[in-house]
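J.: The opening position of the sequence shown corresponds to residue 1 in my numbering, with each subsequent residue numbered one higher. Note that beta-carbon positions come from the ideal geometry of N, C-alpha and C, so glycine has one too. First the structure, then my questions, so here it is.
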Amino acid sequence: MTVIDGLDVEVYRIPTDKPEADGTFAWDATTMVVAHPRTVDCTGIGYTYTTSAAAELITDLLEPVVVGSDPMDVPATWSRMVAAIRNVGRPGVASAAIAAVDIGLWDLKAKVLGLPLATLLGAVRHDVPIYGSGGFTSYTEAELCDQLAHWVKHDGIGRVKMKIGTDRGAHEKHDLARVEAARSAIGREAELFVDANGAYDTKQAARLARAFRDVDVRWFEEPVSSDDLVGLRLVREHTDIEIAAGEYGADLVYFERMCGAGAVDVLQADVTRCAGITEWQRVAAVAAAHGLEISGHCAPTAHLAVACSVPNLRHLEYFHDHVRIEAMLFDGVSPARDGVLAPDLNRAGLGISLQPDAAKYRTDWSPR
Ligand SMILES: [Mg+2]
1 MTVIDGLDVE VYRIPTDKPE ADGTFAWDAT TMVVAHPRTV DCTGIGYTYT TSAAAELITD
61 LLEPVVVGSD PMDVPATWSR MVAAIRNVGR PGVASAAIAA VDIGLWDLKA KVLGLPLATL
121 LGAVRHDVPI YGSGGFTSYT EAELCDQLAH WVKHDGIGRV KMKIGTDRGA HEKHDLARVE
181 AARSAIGREA ELFVDANGAY DTKQAARLAR AFRDVDVRWF EEPVSSDDLV GLRLVREHTD
241 IEIAAGEYGA DLVYFERMCG AGAVDVLQAD VTRCAGITEW QRVAAVAAAH GLEISGHCAP
301 TAHLAVACSV PNLRHLEYFH DHVRIEAMLF DGVSPARDGV LAPDLNRAGL GISLQPDAAK
361 YRTDWSPR
């Protein structure tokens, strides 16, 4: 029997093209942890955007249960990984680490079978709608408007998202002025989404939702903290703008609580944070049981195949940072065309490989 006989891990750190911030966080670089489970003949690739601590966790806790496993039995290996991190805790770094390996395991299985991952998982659709996402609070108004208008008018992406909630919601008028400027820049037809990353309190968010309605905002993401399920529900009941959250979720209990609380109109989940493709499909099922659609958060290349596989998909987030990084580091990334991404069915697995040039972003992290 062919078994997985190795699991290699690398850490990359990629500076942003400009300083970036949202309502509650600022950053100038992104860390990507890449996992390569391999058999004697094939090597898989999976990744997550997180801290290098995930690389440590992979070599310390996951490698021992992955090496020796059957590359066909991804859910069995996934279950052993979840069991292996029990005492570390499931959310956060551990689920990001599992995600990188799980995505790599699915990529590896597809390559062993000589199939595109979208074909292995089974497709509901052959392309997925995307929305352009960026519009950081650190951008000037001109930078914000240029970026959003480029997606709409140049790339043909008919929906775009901007960050709001500057300085934890301290500047409501400023936020509203930027949203109005964005609407002017993209025209009346494109859908405009806003993301506060939990920067507002409930009454503030409800007040702003009323104002956003006047500029036809369609999606209000994390108006309050995604931990405040009552607050999310109150904002949701106050407006007909769709409320979305879920990007930090790691397991089914988290998503079930969010859906069961009536907190969201669309559930978000991040395949690189919620323990990978194996769990993302089940998260989609939790959403479906509540009559909700699911939207993939960031990392468009990692989501593409699994997004094709679930019936209740809304769209994928075409996030500026990750679009840039994935194009810089990988060969084989599917380009955005007419507002959709389509997996390349002529390539096995995820269809990507690291470019030789990626080496310049590789950190000196190595297993002890
Ligand atoms: Mg968000």
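(1) Is the beta carbon of A55 less than 7 Å from the beta carbon of V112?
(2) Starting from the C-beta of R257, find all residues in its chain whose C-beta is less than 8 Å away, skip the five residues before and the five after it, and write them out in chain order.
(3) Check whether the Cβ atoms of E237 and G198 sit closer than 7 Å, and answer yes or no.
(4) Does DSSP classify H320 as helix, strand or coil?
(5) Within a Cβ cutoff of 7 Å, which residues of the same chain sit near V333, ignoring the five residues on either side of it in sequence?
(6) What is the rounded straight-line gap between the Cα of R125 and the Cα of S309?
(7) Using a Cβ-Cβ distance under 7 Å, would L113 count as near chain C?
(8) Quick one: using the 10 Å Cβ neighbour count with 16 as the cut-off for buried, is H320 buried or exposed?
(9) Just how far apart, CA to CA, sit Q204 and I164?
(10) Assuming V375 and F220 form a contact by the criterion Cβ under 8 Å, report the distance between their Cβ atoms to the nearest whole angstrom.
(11) To test your reading of the DSSP string, which unbroken alpha helix (DSSP H) runs of 4 or more residues are found completely within the segment 224–297?
(12) Going by C-alpha distance, which of L234, L120, T137 is nearest L176?
(13) Please identify the residue among R38, P37, V271, D17 whose C-alpha is closest to the C-alpha of D28.
(14) What residues are listed by DSSP as bridge partners for V9?
(15) I need the residues with a C-beta less than 6 Å from some heavy atom of ligand 1; please give them in chain order.
(16) Pull up the distance between the alpha-carbon of P37 and that of K360, whole angstroms please.
(17) I'd like to confirm the pairing. Which residues does DSSP put opposite K18 in its beta bridges?
(18) With a threshold of 16 other CB atoms inside 10 Å of the CB of L208, please say whether the residue is buried or exposed.
(19) Using a Cβ-Cβ cutoff of less than 6 Å, which residues in the same chain neighbour A307 once the five nearest sequence positions on both sides are dropped?
(20) Per the DSSP calculation, A99 is bridged to which residue(s)?
(21) Can you say whether P71 is buried or exposed, counting buried as having 16 or more other CB atoms within 10 angstroms of its CB?
(22) Which class does R86 belong to by DSSP, given the choice of helix, strand or coil?
(23) Residues in the same chain with beta-carbon distance under 7 Å from G114, minus the five sequence neighbours each way, listed in chain order, please.
(24) If you draw a straight line from the C-alpha of T202 to the C-alpha of G169, how long is it?
(25) For the alpha helix (DSSP H) containing K173, list its first residue and its last residue.
(26) For A29, which residues does DSSP report across the bridge?
(27) Taking the beta carbon of R368 as the centre, do at least 16 other beta carbons fall within 10 Å, making it buried, or is it exposed?
(28) By Cβ distance, which residues of its chain are closer than 8 Å to L57, with the 5 residues on each side in sequence left out?
(29) Express the C-alpha separation of L144 and Q281 in angstroms, rounding to a whole number.
T.: In brief:
(1) It is not a contact, given that the beta carbons lie outside the stated cut-off.
(2) Around R257: L229.
(3) No.
(4) H320 falls in the helix class under three-state DSSP.
(5) Excluding sequence neighbours, V333 sits near T301, E326, A327, I352.
(6) When rounded, the distance between both Cα atoms is 7 Å.
(7) Of the protein chains in this structure there is only one, and it is not chain C.
(8) That one is buried.
(9) So the two alpha carbons sit approximately 13 Å from each other.
(10) The requested residue 375 does not occur in the structure, where the chain is confined to residues 1 to 368.
(11) Complete alpha helix (DSSP H) runs here, min 4: 229–238, 252–260, 277–289.
(12) By alpha-carbon distance to L176, the top candidate from L234, L120, T137 is T137.
(13) Put simply, of R38, P37, V271, D17 the residue whose alpha carbon is nearest the alpha carbon of D28 is D17.
(14) The secondary-structure analysis by DSSP pairs V9 across a beta bridge with A35.
(15) If you measure from each CB to the nearest heavy atom of ligand 1, the residues under 6 Å come out as D195, N197, E221, E222, E247.
(16) In a straight line, the C-alpha of P37 is about 22 Å away from that of K360.
(17) In the DSSP assignment, no residue is bridged to K18.
(18) With 16 or more Cβ atoms within 10 Å of its Cβ, L208 is classed as buried.
(19) Non-local beta-carbon contacts of A307 in its own chain, meaning distances under 6 Å to residues more than five positions away in sequence, involve V128, G296, L313, L316 in chain order.
(20) According to DSSP, A99 bridges with nothing at all.
(21) With 16 or more neighbouring CB atoms inside 10 Å of its own CB, P71 falls in the buried class.
(22) R86: coil per DSSP, three-state reduction.
(23) Within the same chain, G114 has close Cβ partners A348.
(24) A straight line joining the alpha-carbon of T202 with that of G169 spans about 11 Å.
(25) Counting along the chain, the alpha helix (DSSP H) containing K173 begins and ends at 172–186.
(26) Residue pairing by DSSP places A29 opposite P15 in a beta bridge.
(27) Here R368 is exposed, its C-beta having fewer than 16 other C-beta atoms within 10 Å.
(28) So the qualifying residues of the chain are I85, V88, V93, A94, A97.
(29) The alpha-carbon atoms of Q281 and L144 are separated by roughly 34 Å.
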